[in-house]
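Student: Those sequence lines, one after another, are chains A, B and C.
Under this note's numbering, the very last position in the first sequence is 413; numbers go up by exactly one each time.
Under this note's numbering, the very last position in the second sequence is 917; numbers go up by exactly one each time.
Under this note's numbering, the very last position in the third sequence is 1243; numbers go up by exactly one each time.
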Amino acid sequence: MAENKAAVRDLTVKEGFQLSKFLVKWEMILVYILILINLILAIARPGLYFNIGTIQSIIQSGLDLSPMVMGMVFVLMLGDIDVSIASNMVLSGMTTGLLYQNGAPAIAAVLAGILTGAVCGAFNGILVGYVKMPAVIVTISTSMLFRGIVEIILDVNSLKNFPAFYNAIGWRNWGIFPICMVLYFLITVIFFFILHRSTFGRKLYIVGNNPITAQYSGIRVERVKLIVFILMGIMAGIGSIFFVGRMGGGLSSSMGTGYEMDTIAICVLGGVSTNGGKGKVYGPFISTFIMAFLLYTLGLIGVDANTRKIVTGIVLLIAVLIPSVNRQLIADIKLKVLYKNNKNIEALNVKTAAEVKELKAEIARLKKTGDPDRKIRKAEEKIASLQNTCKEKTAQMKAELAENARKNKERFS
Amino acid sequence: MNEQNYILELKDVVKTFGGVTALAGVQFQLKKGEIHALMGENGAGKSTFIKVITGVHQPDSGIMLLEGERITPRNTMDSAKLGIAAIYQHVTAFPDLSVTENIFMGQEIKNKLGMYDWRQMNQKAKELIEPLSKEIDVTKPMGSLSVAAQQLVEIAKALSRDARILIMDEPTASLTANECEELYTIAERLRDEGVSIILISHRFEDMYRLATRVTVFRDAQYIGCWDVDKISNQKLIGAMVGRELDQMYPEKTAKIGETVLKVENISKEGYFKNISFEVKKGEILALTGLVGAGRTEVCQTIFGIMNPDSGRIVLEGKEVNIKTPVEAFEYGIGLLPENRQTQGLINELPIYQNVSSADMKQFAKASMLDEKAEIQKAIELCQKIALKAKDISAPPSSLSGGNQQKVVFAKLLNCSLKVLILDEPTKGIDVGAKYSIYEIMNELAANGYAIIMVSSEMPEVLGMADRIVVMKSGHVTGEFDNIEVSQEMIMAASLGEHRKEARA
Amino acid sequence: MKKVFGYRNIGLVFGLIGLLVLAGIITPSMFSVNTIISMLRNNAVYVFLAVGMMVVLVTGGIDLSVGSILALSGVVCTSLMSSHMEIPNIVWVLLSLAIGIACGAFNGFVVGYLKVVPMIATLGTMYIYRGFAFLLSGGNWWFPHQISEGYQAWAGKQIVGVPSILWIAAIVFILAAWYLNYRTTGRRIYAIGTNVESAKVAGIKEARIRFLAFVICGALAGMSGMLYTANYAMCTYTIGDGYELQAIAICILGGVSITGGRGTVDGVFIGWLMMSVITQFISLLPGLSVWQKALQGAIIIAAVFLNIAMTRSSEKRFLKERGALL
């Protein structure tokens, strides 16, 4: 093939770093938001930044759901959703608590808890991946099922005995860093390597973007889904450690409701699309801190925990809206440019109207002067033809406009 | 003939999509109360033609006259108002809604309070349906009916809107012999009642039974219009396929070796029955026939997307059991899918990730991807197939159709394969790019791949294939060596009679 | 009977009868008129949520915010009522409807016109409405003595031995069935759900119908909030938490397809009865009340599983029919 040589030059990989592009990346915008919140905090409460303890406690208070954020990134990446994680988390926590309370060694109890989470996740994953039920319905049901199991076993009692390191994860620091933050960072690094460096992560992107192509490319879509849900379950199990630790080592059946929503909100804010296939690990990592600082700031200005839910909701909505609004805006601008043609229609009609008016005046004049009918008829015919051409042209222009609008819509939808 | 006799007349209608001409100045005349057949190969422009008449597409130029008056329908609602209705092969209706509601969608009968008058609607629907079929329960959901019954409902719907022109697109394609007969009777009755019918069908049977005249399109061109009783089968086939084989095809250099893949009597309920063929090393085997003959499904079965009910697939003398594409790849069988946008590419990911997607293991060390090696291999492959791209980290959506197809080729070449199944490899690709796809195919054959090519394009089949297998309605109806075969023979085989004996 | 209910619902009716027989054998006390009426009354609130949810599900959407709308409307009505007892009680019903319509309209706007996935959009508004409910309640509780008898009568007044909330529920069922079967917009909701593309070709405005579906769902949820507080004579901002799941569960039991297009009011009615009986049955068995949530979760999974199995078998039948052609 002779053309080969010509093509050789063309195939370069542009890995060049573009500062302007980098600065407006969604993840960078998240960093700006984080900085902005901190600036506001620094100005509003100047004392805060001289007290490392406060900042540590802000972070600690916001990171109790952090492991689940990473699991959720993967689930959303598939285009699925898991709303059973809070129930799963409580169920795994309960397993650990019951075993520990009955004298099992701490490590065994914790592992059993994480295993419980994995089993719950596998249950979801089988139903979603292999039975092909919609993830929303499956996980809504299993969220009732898992929490129901906790209610059966715990009833109105609560568990008070948990391994000692739980408390440390929730409340202690390691040097100047809260322990939970160090752990969250490690988890994020692991997930970063899975998603952005491993073959499995690549499969996730492929399945999330186009499950049919994935199947044709020899990827076991069902198995990928199962693994992701199991991972999610494991993260819910690990999440129970963070959560129970933060709760001061106590657990009852009604705890942690709404955590699934918080988790999803953080992921969406972090740039993970709920349609699947889009997102990075570090976006949600940053947005976890944004939520922590945001909620704390609101607390400072006297907004209580329940009202902060409004903020979570609004943040979630805005985060989903940003990409679609952008697209619509562009489409609107394009349409407005095209709308210019409408002026032509207007001009055409105005011009025709003027001409017709003139001709009519002419007819009136001819009638008055008593000129032959032939001339009047001719003028009348001219009016008719003018009006017809105008009509036709208008229709044609309108059709073109509509066609353009349709094409644009297609392009931007 | 007096022009006033035509109820519908189209003159010099041109329609292009992007650079592709779908209709190049076609003519068409429909007399009042006649059944007029419209024939042509796949892609001859028939469906675009219907869409122009029904207002789905607007022609770029040319005029359309309805009873001598110029019309310009802008959508299907416009054309419905003019009395034009189309009944498609794949009915696009509301499967969950009742037959009555489907018939009256958009023009429901309401009482004085603005409430639906179901009783009257059901009554009327019954009246409309009964002459067509006595068995359809109008209160049942549309989706629970057979395809034949759904078509009848669509006819009833058209009649309820006082359609004067009825377009039937492949109405008999999925009907049994009895159902066909019923449909013929109905069509004849409608004709006698003054409805004009445009019948699009690949079945000569339909045409001879119903139509009085036939118009043939080929490659977006109007070829001619004849009285049915004055044109022979041969002549008609000649008109449909009789193009000059002027397009150049690259010289084939591959040596044909031993049999690599052998398919023995595979069947899949609802798709195909007792299909057998074999393909040798270095050989290009064309699997042709009309769209819907089951070619794609056979390929998908070999590739493991579907699983056969019976039959054997033998690879290099050993029977293989392929349940999923994963196993197909492991055995060395790759498929270039029919629809590259939805099945072949991931438009959101860079080209090199598309290329590596079917076999990432070779770049993996302890499950971690070596992206440098991945890009290196992708560049190599893309150069090999002369991909014209500025940047392989750009998404494939930035490429032209032909180059997108090359990306899918590169994806298959990235795996170590023995058999390549190419499902319509040049579909929607412009002429220049087609040639380079052919070059790639020839080079692959020369490198020892066994290639199965599904194609609807006759010249391509004749220009590229060593052997040709023709399918019709899920059966093999002909197998030819390329030396001995003509376009007419292939067309005759793909139009061939149903093999109904299998059903008895 | 086939005409009235359709095949699927016959199965449901038999399931219901079986359940009743089982319940009757194990807990005979269930079959007194009083128990049945109190059972239905306790579950009456779900009628409004489930019917509204069904409308949204039929369009192919989902509304997770109904529980929060219930709380918001309950809190607003109760708080205003307890400080303004002189206002006629009809006002509260209208106010609750207005609140519901406003919330539903916002959902509908975000889903229909801004094209956000319903799941995520209503997830967000679920937070927002619940937050407002808290803000307006100030974290307060209202108890029976703060709630006027006239207000309570909307739910509790006995008419022919049946509490008024059940009468209202019955009216909602009938109105919904009428609207969805006899009104143009009602039918359009089904058309959108069964095939959006065909619906657009037929000239149906997709966004407007989606908007409307959420408004209906919101209005019913709003009304349920007022009736909830009247029924139980108590109110706080946490009421109705998790009710959206219950409503979805009832719909799924009642054969509403979550992918849109299918679902009938009578199906929802049967689904509601089943869910009520199950709940009541469990609560009557000693020591089993804690099983309620787990069982409900399991039942929904089973119901969806059954639905999928039925669809697959009908697809197989279809292929067989086609196979006969070859």
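From the three backbone atoms N, C-alpha and C, an ideal C-beta is built for every residue, glycine too.
1. Which word fits Tyr-339 of chain A, buried or exposed, when buried means at least 16 other C-beta atoms lie within 10 angstroms of its C-beta?
2. Might you give, ordered along the chain, the residues of its own chain that have their beta carbon closer than 8 Å to the beta carbon of Phe-1186 of chain C, omitting 5 neighbours on each side?
3. What are the complete alpha helix (DSSP H) segments, minimum 4 residues, inside the segment 560-631 of chain B?
4. Please classify Met-1 of chain A: does DSSP put it in a helix, a strand, or coil?
5. Out of C:Ala-1124, C:Val-992, C:Asn-1224, which has the shortest C-alpha to C-alpha gap to Ser-1141 of chain C?
6. To the nearest angstrom, report how far apart Ser-614 of chain B and Ala-633 of chain B are at their CA atoms.
7. Quick check on Pro-750 of chain B: does DSSP put it in helix, strand or coil?
8. Report the three-state DSSP secondary structure of Lys-340 of chain A (helix, strand or coil).
9. Ser-217 of chain A versus chain B: which residues are under 8 Å apart at the beta carbon?
10. Applying a beta-carbon distance threshold of less than 7 Å, which residues of chain B neighbour Val-1118 of chain C?
11. Look at the Cβ atom of Ile-1064 of chain C, then the Cβ atom of Ala-1119 of chain C, and state whether they are nearer than 9 Å.
12. Could you please give me the residues that DSSP links to Asp-836 of chain B through a beta bridge?
13. So for Gln-471 of chain B, helix, strand or coil by DSSP?
14. Cutting at 6 Å between CB atoms, please list the residues of its own chain near Thr-839 of chain B, excluding the five before and the five after it.
15. Any heavy atom of the ligand ATP closer than 8 Å to the Cβ of Tyr-1154 of chain C?
16. CB Ile-466 of chain B to CB Ala-499 of chain B, shorter than 9 Å?
17. Are the Cβ atoms of Met-1151 of chain C and Trp-1058 of chain C separated by less than 9 Å?
18. Span of the alpha helix (DSSP H) holding Cys-795 of chain B?
19. Within 10 Å of its beta-carbon, does Trp-1095 of chain C have 16 or more other beta-carbons around it, so buried, or fewer, so exposed?
20. Using a Cβ-Cβ cut-off of 7 Å (strictly less than) and excluding sequence neighbours within five positions of Ile-152 of chain A, which residues of its own chain qualify?
21. Where do the ends of the alpha helix (DSSP H) carrying Asn-678 of chain B lie?
22. Thinking just about the alpha-carbon of each residue, which of C:Leu-1201, C:Ile-1085, C:Lys-1117, C:Arg-1125 is nearest to the one in Thr-1102 of chain C?
23. Is DSSP giving Asn-1148 of chain C helix, strand or coil here?
24. Under a three-way DSSP split, which group does Gln-713 of chain B fall into?
25. Starting from the Cα of Thr-312 of chain A, find the closest Cα among C:Tyr-1046, C:Glu-1003, C:Met-971, C:Val-938 and give me that residue.
26. Can you check DSSP and say which residues form a bridge with Glu-892 of chain B?
27. To test your reading of the DSSP string, which unbroken alpha helix (DSSP H) runs of 4 or more residues are found completely within the segment 182-248 of chain A?
28. Given a threshold of 16 other Cβ atoms within 10 Å of its Cβ, counted over all protein chains shown, does Asn-591 of chain B qualify as buried or as exposed?
29. Inspect the CB distances between the segment 734-743 of chain B and the segment 779-788 of chain B and report whether three or more fall short of 8 Å.
30. Take Gly-1048 of chain C as the anchor and find which of C:Ile-986, C:Glu-1123, C:Val-1132 has the nearest alpha-carbon.
31. Which residues of the segment 514-525 of chain B have a Cβ closer than 8 Å to any Cβ of chain C? Give them in chain order.
32. Going along chain C, which residues have a C-beta under 7 Å from Leu-510 of chain B?
33. Which class does Ala-802 of chain B belong to by DSSP, given the choice of helix, strand or coil?
34. How is the beta strand (DSSP E) around Ile-301 of chain A delimited, first residue to last?
35. Among B:Lys-774, B:Arg-604, B:Leu-674, B:Thr-701, which has the Cα closest to the Cα of Ile-881 of chain B?
36. Give the secondary structure of Ser-416 of chain A by DSSP, where H, G and I count as helix, E and B as strand, and everything else as coil.
Tutor: Let me spell this out:
1. Since pLDDT at Tyr-339 of chain A reaches only 45, below the 50 mark, its modelled position is unreliable, and no value is offered.
2. Phe-1090, Gly-1171
3. 560-573, 590-605, 617-623
4. Caution applies to Met-1 of chain A, whose pLDDT of 38 falls short of 50 and renders its modelled position unreliable; the model cannot decide the point.
5. C:Val-992
6. 17 Å
7. coil
8. Residue confidence is low: Lys-340 of chain A scores 49 on pLDDT, short of 50, so the model does not pin down where it sits. No coordinate-derived value is stated.
9. Pro-738, Ser-770, Ala-771, Lys-824
10. Thr-489
11. no
12. B:Val-867
13. coil
14. Excluding sequence neighbours, Thr-839 of chain B sits near Lys-847, Ile-850.
15. This structure lacks the ligand ATP, and indeed carries no ligand of any kind.
16. yes
17. yes
18. 784-797
19. Exposed: under 16 other Cβ atoms inside 10 Å.
20. Closer than 7 Å at the Cβ level, and outside the excluded window around Ile-152 of chain A, lies no residue.
21. Run containing Asn-678 of chain B: none in the alpha helix (DSSP H); it sits in the beta strand (DSSP E), 672-681.
22. C:Arg-1125
23. helix
24. helix
25. C:Tyr-1046
26. B:Val-882
27. 199-209, 211-216, 221-246
28. By the C-beta density criterion, Asn-591 of chain B is exposed, having fewer than 16 other C-beta atoms within 10 angstroms.
29. no
30. C:Ile-986
31. Glu-514, Met-518, Gly-519, Glu-521, Lys-523
32. Tyr-1107, Ala-1108, Thr-1111
33. coil
34. No beta strand (DSSP E) contains Ile-301 of chain A, which DSSP labels as neither H nor E.
35. Ile-881 of chain B has its Cα closest to that of B:Thr-701, out of B:Lys-774, B:Arg-604, B:Leu-674, B:Thr-701.
36. The requested residue 416 of chain A is not part of the displayed model; chain A covers only 1 to 413.
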